[in-house]
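J.: Letter by letter, the sequence shown follows residues 19 to 594 of the numbering used here. Positions of the beta carbon are idealized from the N, C-alpha and C atoms, including for glycine. Pasting a structure below so you can have a look.
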Amino acid sequence: AWLAGLSHPTGYPLYLILGWVWSHGLAGLDLASPARAMTLLSVLFGALTVALTCLLAVAFIRKSRPDKQTVAADRIAALVAALTFAWTPTLWSQAVITEVYTLHAALIAALLWLALLWQDGAEVRFLRRNRTSLLLAALALLFGLGLAHHRTTMLLLPVLLVFLAWQAPPGYWRWRQVALLALLALAPLVLYLYVPLRAPATPYLSITLSPGQPTELLDRSFASLFSYLLGQGFAGEIQGPVQAIVAAPGLVQRFATELTPLGLALAVLGVGVLAARRQWPLLWLSGASFILLTGFNLFYTIGDIAVFYIPSYLIACVWIGVAVAWLAGTAGRLAGRRWIGLGEGVAIVAAVLLAALPVYLFVSHAAAQDRSHDNAAADRWHALLAANPAPDAVLVSNDRDELMPLWYLQQVEGVRRDLAGVFPLLLAGPGWLDVGQAVDSAISTGRPVYLIKPMPGLEVKADLGQPDPSGLTPVLGPVIIGSPDFAESVIIGDAVRLLGFDVQPSGDAVQIDLFWQPLRPLEADYTTFVQVLAPNGDKIAQGDQQTGGVFYPTSLWKPGETLRDSHTLTLPAGPP
């Protein structure tokens, strides 16, 4: 955002444009660094989401009451709903880091709230003959902004269209009005021009690993950028009905974890209250939205799917507000029949008592969500850079996220721009499929190469030096130079060939290096063992290990490559 650059597909242009304005504004006033500014933006949108959830809950509660009035207990119930949502662990976690999901939640809450305001007739004073109401215009424009931010906003389209068509009085719609609303909804999609306009000016999308040969991380052709905008790279994460059926039973546990079992029960009660009172428009607006948003998540198997449930939690918390208001109102009516004049006070007390739910959530999760002292990434990278990697070095990690702080330090703070950070899947295609190939690609550049942390198992591929206290580990070159001292050609299970071995005695120990060559992809993470036998065949020592360790096990080995598998065995005293 600080560079007005690109993120991953689908681009998030609204978020990045707002982030550029916000971060530069705070930096210009000397109020926050770019990183802190972007996290504060998440906080701001998170707070806005909680406020909108409170307003949405007030609207639901008032509309669901037979007398259509809002009393003090109802407002407390809406506050309970909003604070419950605020302190659900997933929303809270996204509100204290630089992420897009609090803005998405704010847009969803605002869309549902505006739809209710329009239904309420609150916009009548804005109407002019043959012109669209301001509330409808705002609703259409906000929907378009939602599409310019997070594509799952599209799931609300059928819900809103049915709601608007159902609740409009006869003769309300005119074709010019509909055309204008459609134009307002589509207008914000112009923001996606940000992607082709900023792609050429995004410096971190081009990395020069070899002199004169820049490596482009994004194909800037029209077809590629169009695919980027559509998010087609994630299409493979959408699975069929079988996946959804398998995942569905886990929803109860997921919602109980976020809302507590009490909160889940209150949400179900809130749905029951709306149904008992025949509030079918409210049930449609909230229930259909909930089903579509939650149902999509059952088909989508992306790794961070948990954050996609945030809008579903928002709706569930609105239902909690309806249930709390009903329970408080019921308690007040029962008390009022027995003690005249105390009904409203009892209702307020009952609503306040049910505020124990968000208080419990806060107490339970506050320590885990406290990021105020989470300086691990900054401290680690300051230590790595203080270790002073050689000029023009290539730094390798198996985890993209571990290298993003380096990109921030380089691009925003101008630190060590001579370094290149690489990781698996940096580029599509061969050479970058896993950390082993990333190390090979880094070595092939001829530049100094380091691992940013010890990665046990990579010694089967590369000759590794000793890590320093920061974890920076020099890669001295390929591990295989020349042929083994004892040549063999033994094929095991038509899968792997033993090319030979080296023997290096050292005092009471002996190092035996096996040289393996896979003949085909291996389907499992195998172990190897070495036995030292006496002349009469008796075993006097044995070593077993998972070859390649955690970071380059046999399941990652590539056919044709040669790998060194080192076993160090301790020998008994005075072996024959």
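1) Can you name the start and end residues of the beta strand (DSSP E) that residue 464 belongs to?
2) Assign residue 105 to one of two classes, buried (16 or more other C-beta atoms within 10 Å of its C-beta) or exposed (fewer than that).
3) For residue 216, count neighbouring Cβ atoms within 10 angstroms of its own Cβ and tell me buried if that reaches 16, exposed if not.
4) Which same chain residues, not among the five before or five after residue 366, have their C-beta less than 6 angstroms away from its C-beta?
5) Can you have a look at residue 64 and say buried or exposed, based on whether 16 or more other CB atoms are within 10 angstroms of its CB?
6) Can you say whether residue 508 is buried or exposed, counting buried as having 16 or more other CB atoms within 10 angstroms of its CB?
7) Check whether the stretch 394 to 414 and the stretch 376 to 386 are in contact - that is, three or more C-beta pairs closer than 8 angstroms.
8) With DSSP as the reference, please indicate the residues paired to residue 578 in a beta bridge.
9) Below 8 angstroms on the Cβ atoms is my contact criterion, and I expect residue 123 with residue 329 to pass it. Report the Cβ-Cβ distance as a whole number of Å.
10) Per the contact definition of three or more C-beta pairs closer than 8 angstroms, is the stretch 114 to 129 in contact with the stretch 342 to 359?
11) How about the stretch 161 to 179 and the stretch 203 to 212: do they share at least three Cβ pairs that are nearer than 8 angstroms?
12) Using the C-alpha atoms, what's the distance from residue 594 back to residue 553?
13) Between the C-alpha atoms of residue 388 and residue 295, what's the straight-line distance to the nearest angstrom?
14) Does the stretch 276 to 291 come close enough to the stretch 52 to 66 to have 3 or more Cβ pairs within less than 8 angstroms?
15) For residue 416, count neighbouring C-beta atoms within 10 Å of its own C-beta (all shown protein chains included) and say buried if the count is 16 or more, exposed if not.
16) Check each candidate in 213, 519, 527 and 364 and name the one with the smallest Cα separation from residue 29.
17) Can you give the Cα-Cα distance for residue 551 and residue 591, rounded to whole angstroms?
18) For a test of the three-state rule: what should DSSP assign to residue 318, helix, strand or coil?
19) Residue 551 bridges to which residues according to DSSP?
20) Among 136, 425, 66 and 400, which has the Cα closest to the Cα of residue 303?
21) Please work out which residues of its chain come closer than 7 angstroms, Cβ to Cβ, to residue 375, disregarding the five sequence neighbours upstream and downstream, and give them in chain order.
22) Using 8 angstroms as the threshold, is the C-beta distance between residue 450 and residue 424 below it?
23) What is the DSSP secondary structure of residue 584, counted as helix, strand or coil?
24) Let's test the definition: count the other Cβ atoms within 10 Å of the Cβ of residue 598 and tell me whether it reaches 16, buried, or not, exposed.
25) Just how far apart, CA to CA, sit residue 225 and residue 233?
26) For a quick check, are the C-beta atoms of residue 496 and residue 480 less than 8 angstroms apart?
27) How about residue 110 and residue 74: do their beta carbons lie closer than 8 angstroms?
28) Alpha carbon to alpha carbon, how far is residue 172 from residue 193? Give it in angstroms, no decimals.
29) Where does residue 518 fall in DSSP's three states?
30) Output the distance between the C-alpha atoms of residue 200 and residue 158, rounded to the nearest integer angstrom.
31) Closer than 8 angstroms, CB to CB, is residue 130 near chain C or not?
32) For the alpha helix (DSSP H) holding residue 505, just list the boundary residues, first then last.
33) Could you compute how far the alpha carbon of residue 36 sits from the alpha carbon of residue 221?
34) Go to residue 424, then tell me how far its alpha helix (DSSP H) extends in each direction, as first and last residue.
35) Can you tell me the Cα-Cα spacing of residue 575 and residue 536, whole angstroms?
36) Per the DSSP calculation, residue 528 is bridged to which residue(s)?
T.: Judging by the given coordinates:
1) Here residue 464 belongs to no beta strand (DSSP E), and DSSP marks it neither H nor E.
2) Counting of Cβ neighbours within 10 angstroms places residue 105 among the buried residues, the total reaching 16 or more.
3) Buried, because 16 or more other Cβ atoms sit within 10 Å of the Cβ of residue 216.
4) So the list reads 90 and 91, once near-sequence residues are dropped.
5) Buried, since its Cβ has 16 or more Cβ neighbours within 10 Å.
6) The residue is exposed, with fewer than 16 neighbouring Cβ atoms inside 10 Å.
7) Of all C-beta pairs linking the stretch 394 to 414 to the stretch 376 to 386, fewer than three are shorter than 8 angstroms, placing the two stretches out of contact.
8) Per the DSSP secondary-structure output, residue 578 pairs with nothing in a beta bridge.
9) With 8 angstroms as the limit, residue 123 and residue 329 qualify as a contact, their Cβ atoms being about 6 angstroms apart.
10) The way I'd put it, the stretch 342 to 359 doesn't touch the stretch 114 to 129; fewer than three beta-carbon pairs between them come closer than 8 angstroms.
11) The stretch 161 to 179 is in contact with the stretch 203 to 212.
12) Roughly 8 angstroms between the two C-alpha positions.
13) Looking at the two C-alpha atoms, the distance is approximately 41 angstroms.
14) In short, these stretches do not touch, since the Cβ pair count stays below three.
15) Under this definition residue 416 is a buried residue.
16) Comparing Cα positions, the closest option is 213.
17) Cα to Cα, the separation comes out at about 14 angstroms.
18) In the structure shown, residue 318 sits in a strand (DSSP, three-state: E or B).
19) DSSP output for residue 551 lists 557 as bridge partner(s).
20) Closest option to residue 303, Cα to Cα, is 136.
21) Same-chain partners within the cutoff: 98, 102, 278, 280 and 281.
22) No, the pair does not count as a contact, with Cβ atoms beyond the cut-off.
23) The answer is strand: DSSP assigns residue 584 an E or B state.
24) Limits of the chain in this structure are 19 at one end and 594 at the other, which puts residue 598 out of reach.
25) Roughly 5 angstroms between the two C-alpha positions.
26) Yes, these two residues count as a Cβ contact at 8 angstroms.
27) Result no, Cβ atoms of residue 110 and residue 74 do not sit closer than 8 angstroms.
28) Cα to Cα, the separation comes out at about 22 angstroms.
29) DSSP, reduced to helix, strand and coil, places residue 518 within a strand of the structure shown.
30) Going from the Cα of residue 200 to the Cα of residue 158 covers about 7 angstroms.
31) The structure shown contains no chain C, having only a single protein chain.
32) DSSP places residue 505 outside any alpha helix (DSSP H); the residue lies instead in the beta strand (DSSP E), whose first and last residues are 504 to 510.
33) In this structure, the alpha-carbon of residue 36 lies about 20 angstroms from that of residue 221.
34) Looking at the DSSP string, the run of the alpha helix (DSSP H) that includes residue 424 is 418 to 429.
35) Spanning the two alpha carbons is a distance of roughly 7 angstroms.
36) In the DSSP assignment, the residues bridged to residue 528 are 523 and 587.
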